[in-house]
Amino acid sequence: MSDVKTQDPKRRALGRGLEALLPSRQTAPAPTPAAPAAPSGKPLEVDVTVIQRNPFQTRTRFDEDALNELTQSVASTGVVQPIVVRALPGGKYQLIAGERRWLASQRAGKKTIPVIIREVSDEQAMEMTIVENLQRADLNPMEQARAYDRLARDFKMTQEQMAQRTGKERASVANFLRLLRLPQAVQEKVEGGDLSFGHARALLALESEAQILAAAQKIQALSLSVRGTENYVKGLLDPERKLGKVKDVEEPEIDPNVKAAQDKLQRSLGLKVRIEDTRGKGRVVIEYSNLEDFDTLLTMLSAN
Numbered sequence: 002m003s004d005v006k007t008q009d010p011k012r013r014a015l016g017r018g019l020e021a022l023l024p025s026r027q028t029a030p031a032p033t034p035a036a037p038a039a040p041s042g043k044p045l046e047v048d049v050t051v052i053q054r055n056p057f058q059t060r061t062r063f064d065e066d067a068l069n070e071l072t073q074s075v076a077s078t079g080v081v082q083p084i085v086v087r088a089l090p091g092g093k094y095q096l097i098a099g100e101r102r103w104l105a106s107q108r109a110g111k112k113t114i115p116v117i118i119r120e121v122s123d124e125q126a127m128e129m130t131i132v133e134n135l136q137r138a139d140l141n142p143m144e145q146a147r148a149y150d151r152l153a154r155d156f157k158m159t160q161e162q163m164a165q166r167t168g169k170e171r172a173s174v175a176n177f178l179r180l181l182r183l184p185q186a187v188q189e190k191v192e193g194g195d196l197s198f199g200h201a202r203a204l205l206a207l208e209s210e211a212q213i214l215a216a217a218q219k220i221q222a223l224s225l226s227v228r229g230t231e232n233y234v235k236g237l238l239d240p241e242r243k244l245g246k247v248k249d250v251e252e253p254e255i256d257p258n259v260k261a262a263q264d265k266l267q268r269s270l271g272l273k274v275r276i277e278d279t280r281g282k283g284r285v286v287i288e289y290s291n292l293e294d295f296d297t298l299l300t301m302l303s304a305n
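Just so we're aligned, residue 2 is where the sequence shown starts under the numbering used here, counting upward by one.
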């Protein structure tokens with residue numbers, strides 16, 4: 002990675018924006034770190050014991066098998082890519098990126114690890130850590146949801162800004178944030194891998210916490226697929242259709258293309274959607290159960 006001072010203009014502009022949004026903190030300048038600063042951002046070998054875990058880290062779980070494989074690799078060939086740290090008072094360093102490499106180095110019995118030192122504030126370190134995590138592919142859905150939530154709360158970022166910073170789709174950011182509305186017990190199932198992101202998103206269409214908890218237990222007990230979960234939730238939302246009750250007026254058959262579009266919108270928004278089409282004319286009805294759903298829907302529809 003290049004030094005912060007040599008980052009592109011877009012990055013520097015973001016830094017200035019963050020400083021304007023966040024209250025300034027009175028912090029004493031960090032003393033000279035344990036190792037001398039390396040010129041031009043070149044890596045230094047630093048004692049692994051003087052490096053501290055980042056308190057802004059949103060990642061809480063590591064795959065033990067993958068970490069053991071990395072440990073064996075580090076023991077054999079060393080750390081190929083330096084970790085990124087910042088200097089702290091007392092000759093210590095704080096991780097910004099590279100926690101798995103740092104943990105693997107300790108497990109492998111390494112005394113030192115190559116590091117690149119950044120001169121950044123608390124706010125910049127937090128932002129760099131969270132964004133770096135979100136750009137990884139192995140975060141579980143709840144870790145991603147909490148990371149986006151922290152960017153929104155601590156940096157006042159909009160969903161569009163978060164999407165731009167992490168290279169994700171705007172709708173994807175919104176869907177991850179909505180996972181935080183699930184009951185805590187269901188969030189734990191998602192974090193533990195018992196329920197997938199698709200399962201969780203389907204459950205969000207239900208109105209009450211009790212319904213969501215009961216449905217999550219049923220889905221897990223029956224090992225339902227995501228598609229099976231979507232159909233199960235639809236049955237809960239429309240019991241008459243589930244029971245096959247005969248209605249006084251027979252409903253017209255839905256065109257397959259219209260139904261496909263309806264299902265796609267429903268999965269994307271996480272809300273119940275109905276398309277009423279007559280020869281290419283009609284209307285789209287989107288149902289929401291609370292103001293949070295309404296606000297999220299407005300934001301998604303107004304995004305470019």
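Idealized CB from N, CA, C, for every residue including glycine.
Just so you know, these numbers come straight off a predicted model, no measurement behind them.
Counting the other Cβ atoms within 10 Å of the Cβ of Leu-299 gives fewer than 16, which makes it exposed. Gln-160 has its alpha-carbon roughly 15 Å from the corresponding atom of Gln-136.
Straight through space, the alpha carbons of Lys-112 and Val-187 are spaced by roughly 41 Å.
Counting the other Cβ atoms within 10 Å of the Cβ of Asp-294 gives 16 or more, which makes it buried.
Each residue's CA atom was taken as its position, placing Gln-73 and Gly-79 some 9 Å apart.
In this structure Leu-270 is in contact with Met-301, their Cβ atoms being roughly 7 Å apart against a cut-off of 8 Å. A residue is called buried when at least 16 other Cβ atoms come within 10 angstroms of its Cβ; Glu-100 meets this threshold and is buried.
Scanning its chain for C-beta atoms nearer than 6 Å, with the 5 sequence neighbours on each side dropped, one finds around Ala-164 the residues Arg-171 and Val-174, in chain order. Secondary structure at Thr-279: strand, using DSSP grouped into helix, strand and coil. Rounded to the nearest whole angstrom, the C-alpha separation of Ala-105 and Arg-119 is 22 Å. In this structure Val-86 touches Leu-96 by the C-beta definition: roughly 6 Å separates them, less than 8 Å. Shown here, Asp-48 sits in a strand according to DSSP, grouped into three states. Collapsing the DSSP output to three states places Pro-142 in a helix.
When the Cα atoms are used, Pro-83 and Gln-53 turn out to be separated by approximately 15 Å. DSSP, reduced to helix, strand and coil, places Lys-93 within a strand of the structure shown. Here DSSP, grouped into helix, strand and coil, assigns Glu-208 to coil. Residue environment: Thr-297 is assigned as buried (16 or more neighbouring CB atoms within 10 Å of its CB, all protein chains considered). Judged by their CB atoms, Ile-131 and Ala-146 are not nearer to each other than the 8 Å cut-off. In the DSSP secondary-structure assignment, Pro-56 is not bridged to any residue. As a beta-bridge residue in DSSP terms, Pro-115 pairs with Glu-46.
For Asp-66, the enclosing alpha helix (DSSP H) covers residues 65-78. For Thr-167, the enclosing alpha helix (DSSP H) begins and ends at 160-167. Contact between Leu-204 and Leu-178 does not hold, since their C-beta atoms are separated by about 15 Å, which reaches or exceeds 8 Å.
With distances taken between CA atoms, Arg-275 lies nearest to Val-286 out of Arg-268, Asn-55 and Val-286. In this structure, the beta-carbon distance from Val-116 to Pro-44 falls below 8 Å. DSSP places Tyr-233 inside the alpha helix (DSSP H), whose first and last residues are 227-238. Of the candidates Leu-181, Ala-76, Pro-90 and Lys-273, the residue whose Cα lies closest to the Cα of Ala-206 is Lys-273. When the alpha-carbon of Asn-55 is set against those of Glu-124, Asn-258, Val-234 and Leu-181, the nearest one is in Glu-124. Taking the Cα positions, Val-81 is about 14 Å away from Ala-98. Under the DSSP assignment, Asp-264 falls in the alpha helix (DSSP H) whose first and last residues are 257-270.
Contact between Ala-76 and Ala-109 holds: their C-beta atoms lie close to 4 Å from each other, under 8 Å.
For Gly-193, the uninterrupted alpha helix (DSSP H) run begins and ends at 185-193, by DSSP.
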